[in-house]
Amino acid sequence: MDKPVILTGDRTTGPLHIGHYAGSLANRLRYQQTHEQFLLLADTQALTDNAHDPGKVRRNVIEVALDYLAVGIDPARSTICLQSHLPALAELSMLYLNFVTVARLERNPTIKDEIRARGFGRDIPAGFLCYPAAQAADITAFKATVVPVGEDQAPLIEQTNEIVRRINATAGNAVLPEAQAVIPAAGRLPGIDGKAKMSKSGGNAIALSASADQIRSAVRAMFTDPDHLRIKDPGRVEGNVVFAYLDAFDPDPDGLAELKARYRRGGLGDGAIKARLEEILQTLLAPIRARRAQLATDPGHVVEVIRQGTARARERTEATRQEVVAALGLFQL
Ligand code: TRP
Numbered sequence: 367m368d369k370p371v372i373l374t375g376d377r378t379t380g381p382l383h384i385g386h387y388a389g390s391l392a393n394r395l396r397y398q399q400t401h402e403q404f405l406l407l408a409d410t411q412a413l414t415d416n417a418h419d420p421g422k423v424r425r426n427v428i429e430v431a432l433d434y435l436a437v438g439i440d441p442a443r444s445t446i447c448l449q450s451h452l453p454a455l456a457e458l459s460m461l462y463l464n465f466v467t468v469a470r471l472e473r474n475p476t477i478k479d480e481i482r483a484r485g486f487g488r489d490i491p492a493g494f495l496c497y498p499a500a501q502a503a504d505i506t507a508f509k510a511t512v513v514p515v516g517e518d519q520a521p522l523i524e525q526t527n528e529i530v531r532r533i534n535a536t537a538g539n540a541v542l543p544e545a546q547a548v549i550p551a552a553g554r555l556p557g558i559d560g561k562a563k564m565s566k567s568g569g570n571a572i573a574l575s576a577s578a579d580q581i582r583s584a585v586r587a588m589f590t591d592p593d594h595l596r597i598k599d600p601g602r603v604e605g606n607v608v609f610a611y612l613d614a615f616d617p618d619p620d621g622l623a624e625l626k627a628r629y630r631r632g633g634l635g636d637g638a639i640k641a642r643l644e645e646i647l648q649t650l651l652a653p654i655r656a657r658r659a660q661l662a663t664d665p666g667h668v669v670e671v672i673r674q675g676t677a678r679a680r681e682r683t684e685a686t687r688q689e690v691v692a693a694l695g696l697f698q699l
């Protein structure tokens, strides 16, 4: 039996960080055993809010691909492909825009939140407003039925399925499958400053490529419990970034439960919990950093991986585009 198709994507706006690892990359390592997995380097989508800096979007194609390979994504098992070089995605996007209203795009909670976060006001790039239709094109072009996304992106999958149902209803048959959003149980990692979101642009992330010194100083600077002034005082675990990261990365849950209990009781300093976290992160990231540095010495190889993956993805997405056009009964030469 064919394996289910899974699609994930990352905007190429900066190197990936440990939040991506906890929430997504670790799962993708497992998915490549059980699913037919496509990883989309979403440079076109990155442009929807970075049109002023195409150089950044271009440079980070290689950076994100290096991150994929460094954590152990295997190009023989997973297909790494470049969005801007898959013309069927752009063509399906244009087609889908006829099956969605501006009002619906404006009501999409993901878009609403992101417009607010970016301070666009009324000056919203049209490409940005329409990116849910483009993401629907990404998902359906691969006929992905499983789409792991952060909680904040779940409304995009809902909107994808609305478009799928409209296309299928117009076509009179189920040419496109609906997709299911898979939200990682781990939830989102906060930034090292305690802000809700770790982000490439926010300066509050630990990159997968971080040096040992960068890891050390990030952990030292980490937000803990501002009321925990003396070691003997009881400390708060909730909202404490060090514990949020330990929850995500500590391989010893019993030891961690014990540590939390001691912290809550009082008598355990921030230095101790930070030392434990630092050791765990150093151990996790050292081999990734070494592999990444090794791969970075041969950028031609990375480009070749992307080229081959994109060629495979081009066939797949073009086949779907033709099916959709035929199913809708459009004129064909
Ligand atoms: N929106 C995703 C992000 O912000 C990137 C992305 C583009 C994506 N196309 C996708 C994710 C298709 C899943 C499926 O990182």
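When the count follows the working numbering, it moves up by one through the sequence shown with no breaks and lands on 699 for the last residue.
The beta carbon of each residue, even a glycine, is placed where N, CA and C say it ideally should be.
Please read all numbers here as calculations on a predicted model, not as lab measurements.
Ignoring anything shorter than 4 residues, give me the alpha helix (DSSP H) runs that lie fully in the region 524 to 569, in order along the chain. none
Using the DSSP secondary-structure output, state which residues sit across from Leu406 in a beta bridge. Gly375 and Cys447
Tell me the residue span of the beta strand (DSSP E) that contains Pro514. Val512 to Pro514
Quick check: the Cα distance between Ala659 and Thr410, rounded to an integer number of angstroms? 27 Å
Burial state of Glu402 (16 or more Cβ within 10 Å): buried
If distances are taken between C-alpha atoms only, which option among Arg642, Leu696, Arg473 and Pro370 comes closest to Phe404? Pro370
CB Ala454 to CB Thr676, shorter than 9 Å? no
Check your reading: residues with Cβ closer than 6 Å to the ligand TRP heavy atoms: Leu373, Thr374, Gly375, Asp376, Arg377, Leu406, Ala408, Gln411, Gln501, Asp504, Ile505, Val513, Val515 and Gln519
If you follow the alpha helix (DSSP H) that Ser459 is in, where does it begin and where does it stop? Pro453 to Tyr462
Arg602 vs His594 beta-carbon contact at 9 Å: yes
Between which two residues does the alpha helix (DSSP H) harbouring Pro420 extend? Pro420 to Val437
Within 8 Å, do at least three Cβ pairs link the region 527 to 534 to the region 562 to 577? no
Taking Cβ positions, are Gln546 and Thr511 nearer each other than 9 Å? yes
With which residues is His386 paired in a DSSP beta bridge? His386 pairs with nothing; no bridge assigned.
When DSSP builds the beta bridges, which residues end up paired with Ala573? His383
Ignore the nearest five residues each way along the sequence and tell me which others in Val709's own chain have a CB closer than 8 Å to its CB. Nothing about residue 709 can be reported from this structure: the residues present for the chain run from 367 to 699 only.
Do you know how far the Cα of Gly605 is from the Cα of Ala562? 10 Å
6 Å Cβ shell around Leu522 - same chain, five flanking residues per side excluded: Thr476, Pro498 and Gln501
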